[in-house]
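In what follows, a structure is listed as structure tokens, so that the remarks can point back to it.
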Amino acid sequence: AAWMFEQASQNGAFDVELVDLRDFDLPLFNEAASNAWMPSSDPAAVKWQKKIAEFDGYIFVVAEYNRSLTGSLKNALDQAYVEWNRKPVGAIGYGGVGAARAIEHLRNIAVELQMVPLRNAVHIAAGSFMKVHPMGENGPMSEIEPAIKPACDAMLGELLWWANATREARAKDAKAA
26 AAWMFEQASQ NGAFDVELVD LRDFDLPLFN EAASNAWMPS SDPAAVKWQK
76 KIAEFDGYIF VVAEYNRSLT GSLKNALDQA YVEWNRKPVG AIGYGGVGAA
126 RAIEHLRNIA VELQMVPLRN AVHIAAGSFM KVHPMGENGP MSEIEPAIKP
176 ACDAMLGELL WWANATREAR AKDAKAA
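Residues in the sequence shown are numbered consecutively from 26, following the working numbering.
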């Protein structure tokens with residue numbers, strides 16, 4: 026997360042904020058319906074919705090477990106609907122195959138949330154991951170940066186384009202409403 030935050034910050038085109046799910050203490054989704062249909066009743070969910078509504082696009086850090094994304098990320102995605110709509114989402118993932126399956130699952134979920142899933146993503150496969158993880162060599166991200174930086178730059182370029190395009194379209198829709 027820190028490396029991705031640094032890359033997006035250094036890009037200069039983004040106002041970047043690191044949002045950590047651990048700071049929100051989200052309950053397991055237990056609403057009568059999605060907030061697409063009725064307001065959420067849980068204060069933690071409402072706080073989460075207000076936070077994510079602030080942004081024009083997202084980059085998720087995705088760990089792959091059992092060929093999918095983590096339950097905590099899926100739960101966080103489920104806690105909102107309206108706030109995700111018509112905004113781009115990219116991902117940096119780590120796992121055995123660079124979290125490719127988890128990121129693909131995230132893209133499918135994003136489509137249902139009416140987001141714009143980006144084609145480009147950053148995949149940190151097991152060999153590279155073990156070079157920088159404490160259970161491995163615990164090296165700096167700079168050791169694997171040559172392998173992942175081109176994908177990162179491509180994703181950030183795509184995110185910027187879609188964030189600008191969807192922000193403009195959302196503003197036009199709001200004006201027409």
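By construction, the Cβ of each residue, glycine as well, lies at the ideal position given by its N, Cα and C atoms.
Here the structure is a predicted model, which is why all the values come from computation and not from measurement.
Opening and closing residue of the beta strand (DSSP E) in which residue i lies
i, result
"residue 149", "147-149"
"residue 116", "113-119"
"residue 85", "83-88"
Residue i - partner residues in DSSP beta bridges
i, result
"residue 77", "Paired residues: none, contrary to the question."
"residue 141", "113"
"residue 93", "90"
Residue i, enclosing alpha helix (DSSP H) - first and last residue
i, result
"residue 97", "96-103"
"residue 179", "170-201"
"residue 33", "27-36"
Residue i, buried or exposed, once every other Cβ within 10 Å from all chains shown has been counted against 16
i, result
"residue 109", "buried"
"residue 200", "exposed"
"residue 89", "buried"
"residue 26", "exposed"
"residue 167", "exposed"
"residue 104", "buried"
"residue 146", "buried"
Three or more C-beta pairs below 8 angstroms linking the region 173-187 and the region 154-165: Contact between the region 173-187 and the region 154-165 is absent, because fewer than three Cβ pairs lie under 8 angstroms.
Sufficient close CB pairs (3 or more, under 8 angstroms) joining the region 31-40 to the region 65-78: No contact exists between the region 31-40 and the region 65-78.
Three-pair Cβ contact test at 8 angstroms for the region 58-68 versus the region 79-86: No, the region 58-68 does not touch the region 79-86.
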